Amino acid sequence: MLEKTPFRTEARNTASDTVLLVLTGDLDYDTAAELFTQAQGLFPGDVRHLHLDLSGLNFVDSSGVAALINVYNAAHEHGAVMRIVALTSYLRHLFRVTALDQVFDLPG
Numbered sequence: 002m003l004e005k006t007p008f009r010t011e012a013r014n015t016a017s018d019t020v021l022l023v024l025t026g027d028l029d030y031d032t033a034a035e036l037f038t039q040a041q042g043l044f045p046g047d048v049r050h051l052h053l054d055l056s057g058l059n060f061v062d063s064s065g066v067a068a069l070i071n072v073y074n075a076a077h078e079h080g081a082v083m084r085i086v087a088l089t090s091y092l093r094h095l096f097r098v099t100a101l102d103q104v105f106d107l108p109g
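Per the working numbering, the sequence shown starts with residue 2, numbered consecutively.
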């Protein structure tokens with residue numbers, strides 16, 4: 002059986018209306034709800050910009066992708082903008098083949 006990397010999230014206020022959410026480990030069926038719950042807790046506060054650092058994620062399955070979409074939708078519903086500020090080449094490829102690179106604001 003494959004060893005899983007523990008999933009962790011860390012929220013950092015980088016400005017009065019901006020939160021950086023740093024994700025590390027494996028974002029999968031077992032951890033997707035944790036991400037969504039933490040992100041939901043940021044709203045309906047003063048957060049207008051939600052930045053995600055995905056560079057520490059080792060693995061993302063379809064549940065993890067769905068959680069990222071749900072976070073994007075929750076931000077939008079609360080008048081905030083979600084932007085991915087860092088990601089791995091694996092995730093860039095995943096977003097490209099799923100056309101999520103057309104939805105998410107990705108770094109150059």
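Cβ atoms here follow ideal geometry from the backbone N, Cα and C, with glycine treated the same way. All values reported here derive from a predicted model rather than from experimental measurement.
Practice prompt. Count the C-beta pairs between the segment 96-105 and the segment 35-42 that are closer than 8 Å, then say yes if the count reaches three, no if not.
Written response: Flag = no, the segment 96-105 and the segment 35-42 do not touch.
Practice prompt. Specify whether the segment 63-80 and the segment 11-20 touch according to this definition: at least 3 beta carbon pairs, one from each stretch, less than 8 Å apart.
Written response: Fewer than three Cβ pairs drawn from the segment 63-80 and the segment 11-20 lie within less than 8 Å of each other, which leaves the two stretches out of contact.
Practice prompt. Look at ARG9 and GLY26 and say whether their C-beta atoms are less than 8 Å apart.
Written response: With contacts defined by Cβ atoms closer than 8 Å, ARG9 and GLY26 form a contacting pair.
Worksheet item: Would you say LEU43 and ALA68 are within 8 Å of each other, going by their C-beta atoms?
Response: With a cutoff of 8 Å on beta-carbon distance, LEU43 and ALA68 are scored as not near each other.
Discussion item. If you follow the alpha helix (DSSP H) that VAL72 is in, where does it begin and where does it stop?
Written reply: Unbroken alpha helix (DSSP H) run through VAL72: 63-78.
Practice prompt. For THR83, I'd like the list of residues in its chain whose CB is within less than 6 Å of its CB, leaving aside the five on either flank, ordered along the chain.
Written response: A quick correction: the sequence has Met, not Thr, at residue 83. Excluding residues within five positions, the ones whose Cβ falls inside 6 Å are LEU51, TYR73 and ALA76.
Worksheet item: Cα separation between VAL86 and SER56?
Response: One C-alpha to the other measures close to 9 Å.
Worksheet item: Under 8 Å, do TYR91 and SER64 count as touching if we go by C-beta distance?
Response: No. Outside cutoff.
Worksheet entry | Pick from GLY46, LEU58 and LYS5 that is closest to LEU24, judged by C-alpha positions | Checking every option, the nearest Cα to that of LEU24 belongs to LEU58.
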